[in-house]
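Visitor: Sending over a structure as structure tokens; questions will come in a sec.
In our numbering, the protein residues as written are 1 to 420.
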């Protein structure tokens, strides 16, 4: 029987994506492993391979479509001996409804019982993806709905009918309205503006950061770092690395210092796992990379074991591929700690939002010339950088966070200790 080709989940956090390009057309024969389409997620553009072999019978979702939910049917694959007459859509006006496969009576005999209504176990409810989404958004229990679709499947009309009854029974005081884009636009009806639709990446960033600020109890620790020694060491190292084409940045030192501090304070090397805390063994450090339309956080795994030069080469490679949206999912997932550096843009200090389930994130400001008081009481001018550590108070307490930030600062102010 025909096979439904569904929108794949290309990462654990993917909820929807964009069908950037079809690489096959209706009538094409595909085998397992053939690339059928390019799918754009919130993080990358990835190839979507065929799992089964057959003929592309119908393309339901055209290329360029955005906001396609995971498991939504995007095409139909016909097996050997089948043709387009084996395919029928339940609702031609809605491509999201599940496709009803017309079974061949000779291959699949129909078994009739005294009760013509199909009865399914309570563990499984047969409903179209669209019906499930409507039910979820309106708090309707699908278990209480009798489906009118083929084989008793619950379709959109069933949920809407049930929901209409529920709304009629509900007190008017329980019906609330929320602010919509139209409401906001109406406020600016007399002003000129351009509408910028949200793409997949921006939607994911908006949802994740809103969730992070609403659910994570952030607290912030701030410390200033004297960079004078580090800048001298960096200059000497880069002079010796010219022939190798390697140029170490201040950010590379920050990554190294953080990775060592996570080893020194293992209780800070944690992620929040809802009902428990996971204390990581290795220092897997995520680094924020700004790209057109959003942000990536590629992860440098086992960073405590890597030299400054290898860290420098790795982050440059990851950042380059992030900007081209060529990162693999395993390259931007994971980690327990992140670094966000806006110093190169002249920002002196800021508070970063924790990327769940990380335990903390370090916000790095610009190094600026400032007067400081030395230990002997004299005043001099030094290059000072501001660090702000955002901490998840559920996983890391204040004193522990302060100890962790002090370790990072100590490594940066004594850079030779990172080289032994």
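Every residue, glycine too, gets a C-beta built ideally from N, C-alpha and C.
1. Roughly how many whole angstroms lie between the Cα atoms of residue 346 and residue 366?
2. Based on DSSP bridge pairs, tell me the residues matched to residue 69.
3. Per the DSSP calculation, residue 218 is bridged to which residue(s)?
4. Let's see if you can read the secondary structure: which residues bound the alpha helix (DSSP H) around residue 365?
5. Could you check what DSSP says for residue 336 in three-state terms: helix, strand or coil?
6. Determine the closest residue to residue 253 out of 312, 79 and 16, with distance taken between C-alpha atoms.
7. Hey, how far is the Cα of residue 47 from the Cα of residue 62?
8. Considering only their Cβ atoms, is the gap separating residue 26 from residue 68 smaller than 7 angstroms?
9. Considering only residues of the stretch 237-288, which uninterrupted alpha helix (DSSP H) runs meet the minimum length of 4 residues and lie entirely inside it, listed in chain order?
10. Closer than 7 angstroms by C-beta to residue 231: which residues in its own chain qualify, once you throw out the five before and the five after it? Chain order, please.
11. Residue 101 to residue 148, Cα distance in whole Å?
12. Assuming contact is defined by CB atoms lying nearer than 7 angstroms, are residue 392 and residue 354 in contact in what I supplied?
13. Do residue 34 and the ligand NAP come close, with the Cβ less than 6 angstroms from some heavy atom?
14. Return the chain-ordered list of same chain residues with a C-beta closer than 6 angstroms to the C-beta of residue 409, the five sequence neighbours on each side being excluded.
15. Return the Cβ separation of residue 41 and residue 10 in integer angstroms, given the expectation that the two are a contact with Cβ distance under 8 angstroms.
16. Would a C-beta distance cut-off of 7 angstroms place residue 23 and residue 44 closer than the cut-off?
17. Can you tell me the Cα-Cα spacing of residue 207 and residue 213, whole angstroms?
18. Rounding to the nearest angstrom, what Cα-Cα distance links residue 372 and residue 248 in this structure?
19. Please return the same chain residues whose Cβ sits closer than 7 angstroms to the Cβ of residue 413, not counting the five positions on each side in sequence.
20. Quick one: what's got a C-beta closer than 7 angstroms to residue 238's C-beta in the same chain, skipping five residues either side?
21. Closest by CA to residue 51, which one among 57, 39, 380 and 34?
22. Thinking C-alpha only, which one of 339, 73 and 294 is nearest residue 199?
23. Does the distance from the C-beta atom of residue 54 to that of residue 19 stay below 7 angstroms?
24. Just checking my contact of residue 350 with residue 338 at CB under 8 angstroms: how many whole Å lie between their CB atoms?
25. In the DSSP output, which residue or residues are listed as bridge partners for residue 295?
26. Specify, as a first and last residue, the run of the beta strand (DSSP E) that residue 57 falls within.
27. Tell me where the beta strand (DSSP E) around residue 37 begins and ends.
28. Please classify residue 184: is it buried, with 16 or more other beta-carbons within 10 angstroms of its beta-carbon, or exposed?
29. Can you tell me the Cα-Cα spacing of residue 72 and residue 15, whole angstroms?
30. Spell out a yes or no on whether the stretch 264-281 and the stretch 303-310 are touching, meaning 3 or more CB-CB pairs, one atom from each, closer than 8 angstroms.
31. Please report the residue range of the alpha helix (DSSP H) in which residue 410 lies.
32. Inspect the beta-carbon positions of residue 271 and residue 320 and report whether they are closer than 7 angstroms.
33. Can you check which of these residues, 132, 285 and 243, is closest to residue 263 by C-alpha distance?
34. When DSSP labels each residue in this structure, what does residue 201 get in the three-state scheme?
35. Closest to residue 266 by CA distance: which of 32, 75, 403 and 85 is it?
Guide: Quick look at the numbers:
1. Linking residue 346 to residue 366 through their CA atoms gives a straight-line distance of about 6 angstroms.
2. Looking at the DSSP assignment, residue 69 forms a beta bridge with 16.
3. Among the bridge pairs identified by DSSP, residue 218 is matched with 392.
4. In the DSSP assignment, residue 365 falls outside any alpha helix (DSSP H) and lies within the beta strand (DSSP E) extending over 360-373.
5. Here residue 336 sits in coil by DSSP.
6. The candidate whose alpha carbon is nearest that of residue 253 is 312.
7. For residue 47 and residue 62, the distance between alpha carbons rounds to 16 angstroms.
8. No; because the gap between Cβ atoms is not below 7 angstroms, this pair is not in contact.
9. DSSP runs (the alpha helix (DSSP H)) wholly in the stretch 237-288: 250-264.
10. Answer for residue 231: 383, listed in chain order.
11. Annotation note: pLDDT 41 at residue 101 (below 50); position unreliable, coordinate value reported separately. Those two C-alpha atoms are separated by around 16 angstroms.
12. Going by beta carbons, residue 392 and residue 354 fall inside the 7 angstroms limit.
13. By its list of ligands, the structure shown contains no ligand whatsoever, and the ligand NAP lies outside what it can speak to.
14. If the five residues before and after residue 409 are omitted, its C-beta is found closer than 6 angstroms to the C-beta atoms of 223 and 225, all from its own chain and listed in chain order.
15. Contact holds; Cβ gap of about 5 angstroms.
16. No; because the gap between Cβ atoms is not below 7 angstroms, this pair is not in contact.
17. Rounded to the nearest whole angstrom, the C-alpha separation of residue 207 and residue 213 is 10 angstroms.
18. Residue 372 and residue 248 have their C-alpha atoms spaced approximately 26 angstroms apart.
19. Within the same chain, 225, 226 and 229 come within 7 angstroms of residue 413 by CB-CB distance, once the 5 residues on both sides are set aside.
20. So the qualifying residues of the chain are 247 and 248.
21. Scanning 57, 39, 380 and 34 for the CA closest to the CA of residue 51 turns up 34.
22. When 339, 73 and 294 are compared, the shortest CA-CA separation from residue 199 is found for 294.
23. Not in contact: residue 54 and residue 19 (Cβ atoms no closer than 7 angstroms).
24. Wrong, their Cβ atoms sit about 14 angstroms apart, outside the cutoff.
25. 290, per the DSSP bridge assignment.
26. Taken as a continuous stretch (DSSP letters only), the beta strand (DSSP E) holding residue 57 covers 54-59.
27. Residues 35-40.
28. When all chains shown are included, residue 184 counts as exposed.
29. Looking at the two C-alpha atoms, the distance is approximately 11 angstroms.
30. Fewer than three beta-carbon pairs drawn from the stretch 264-281 and the stretch 303-310 are found closer than 8 angstroms, and the two stretches are therefore not classed as touching.
31. First-last of the alpha helix (DSSP H) with residue 410: 398-413.
32. Residue 320 is positioned such that its CB atom lies no closer than 7 angstroms to that of residue 271.
33. Restricting attention to 132, 285 and 243, the CA atom closest to the CA of residue 263 is found in 285.
34. The three-state secondary structure of residue 201, taken from DSSP, is helix.
35. In terms of CA proximity to residue 266, 403 leads the group 32, 75, 403 and 85.
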